[in-house]
Structure formats: C-alpha cells, structure tokens
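**Q** Sharing a structure with you now.
In this note's numbering, the protein residues as written are 39 to 227.
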C-alpha cells in the first residue's frame, strides 16, 4: 500500500465513511489537532521520565487515537449499512476520564498547594508538557466549535478538558521530580 494516494491533491480529504470535505474543514482541523497533540505526547514520553508516567502517556496516546476517530466520523456515517456501529469497539468511557483524575490526585498529593500562577519552563521536559497542554486546549476548543454544528460526543470533549488538567499537573510534578525552578508570575503593580 502506498503512502501517497493523490486523492487530496485538490485540497479535499476523506472522513471515515468516505465523505470528502475541504482540508480546512473544522472537522479536519479538530482531529488534526488531536493528532498533533498525540505526537507531542510522544515527545514527552521519549524524555527521561519515570516509567509510570510513560505507561500513562501510552494509554493517553491510545485514547487520543480514539478521540481522533470519533472526530473523523460524521454522524451520518456512524452506522454501517449492515447496522453495526462504525466505531463499534472504540469509544471514550468514564473510566478513561477517571484514570486521568486519579493520576492528577496522586501527583498533587506530593506537590505544594498552588498559590500563584507559574510561567511555563524550567526544564525542556516541563516545557514540552506545557506545549502539549496548550495544544490540548486548542483541540478542545476546536471540538467544541465542531459540536455547535455537528454531533460530537460530550465525553470526547470532557476527555480533552481533563487531559489538559493532567498535562498541567504533570508539568508541575516533573518540575518537582527534575528539581526544576518553578517561576512565579508576578503581575505589575
């Protein structure tokens, strides 16, 4: 199978189910941003970090493929001609969100309470987490925008929202683990 198909040479691409849309369609932007986020999480996973974090990040990457598939499937193509669901064995479920919440809670147990805003940075790995968090927020905004006109399962948006929280707390935890400086944001007086 060749990587290039030439079917997108005129600026369109196919969604799950074959519907063709312009490459700048909000649905494409939405799942493309999830793909960008997934790639950036791979970069975090490639850093010298605790193996537990790497295991969780692999789970997150797997879930992001699912979110991407959900966003790539228009409502009219969710059910196959034989009556089966196109994404029958795919979906985001409550336990996926609970995993993120549990991981956030565990990390926060060993962190000082936040009393100020922090500036992103202090260590390259921490900076990667903050960039991934920003990409995640963009993916969430795009999914919400898409949901104004097309069906997007609420749980997919919830997952992206919780994931951005997880990435923020992971950045703080890695700052602590790597003994990086957390720089406080100090507003002008």
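For every residue, glycine included, the Cβ atom is placed at its ideal position computed from N, Cα and C.
Beta-carbon of residue 164 versus every beta-carbon of chain B: anything under 8 Å?
**A** Absent from the structure: chain B. Only one protein chain is present.
**Q** Is the CB-CB distance between residue 170 and residue 71 below 8 Å?
**A** Not closer than 8 Å, so no.
**Q** Please state whether DSSP places residue 50 in a helix, a strand or coil.
**A** Strand at residue 50.
**Q** What's the C-alpha gap between residue 180 and residue 79?
**A** Rounded to the nearest angstrom, the two C-alpha atoms are 19 Å apart.
**Q** Rounded to the nearest angstrom, what separates residue 91 and residue 140 at their Cα positions?
**A** Rounded to whole angstroms, residue 91 to residue 140 spans 13 Å at the Cα level.
**Q** Is the beta carbon of residue 59 closer than 8 Å to that of residue 50?
**A** Closer than 8 Å, so yes.
**Q** Does DSSP put residue 58 in a helix, in a strand, or in coil?
**A** Reduced to three states, the DSSP call for residue 58 is strand.
**Q** Indicate whether residue 216 and residue 163 have their beta-carbon atoms separated by less than 8 Å.
**A** Cβ atoms of residue 216 and residue 163: closer than 8 Å.
**Q** Could you compute how far the alpha carbon of residue 193 sits from the alpha carbon of residue 57?
**A** If I take the Cα positions, the gap works out to 24 Å.
**Q** How is the alpha helix (DSSP H) around residue 94 delimited, first residue to last?
**A** Its alpha helix (DSSP H) spans residues 89 to 109.
**Q** Between residue 148 and residue 73, what straight-line distance do the alpha-carbon atoms span, to the nearest angstrom?
**A** About 31 Å.
**Q** Does the beta-carbon distance from residue 208 to residue 167 come in below 8 Å?
**A** Contact flag set, yes.
**Q** Can you say whether residue 230 is buried or exposed, counting buried as having 16 or more other CB atoms within 10 angstroms of its CB?
**A** Only positions 39 to 227 of the chain appear in the structure, and residue 230 is not among them; the question remains open.
**Q** How would you label residue 42, buried or exposed, when you count the other beta carbons within 10 angstroms and need 16 or more for buried?
**A** Exposed: under 16 other Cβ atoms inside 10 Å.
**Q** Using only the alpha-carbon positions, how far apart do residue 66 and residue 175 sit?
**A** Going by the C-alpha atoms only, they are around 16 Å apart.
**Q** Rounded to whole angstroms, what's the CA-CA distance from residue 87 to residue 96? Just pull it up for me.
**A** Between residue 87 and residue 96, the C-alpha separation is close to 13 Å.
**Q** Go through its chain and collect everything with a Cβ distance to residue 161's Cβ below 6 Å, but skip five positions before and after it.
**A** The answer, listed in chain order, is 216 and 218.
**Q** Under 8 Å Cβ to Cβ from residue 203, same chain only, skipping five residues before and after it: list those, please.
**A** So the list reads 138 and 142, once near-sequence residues are dropped.
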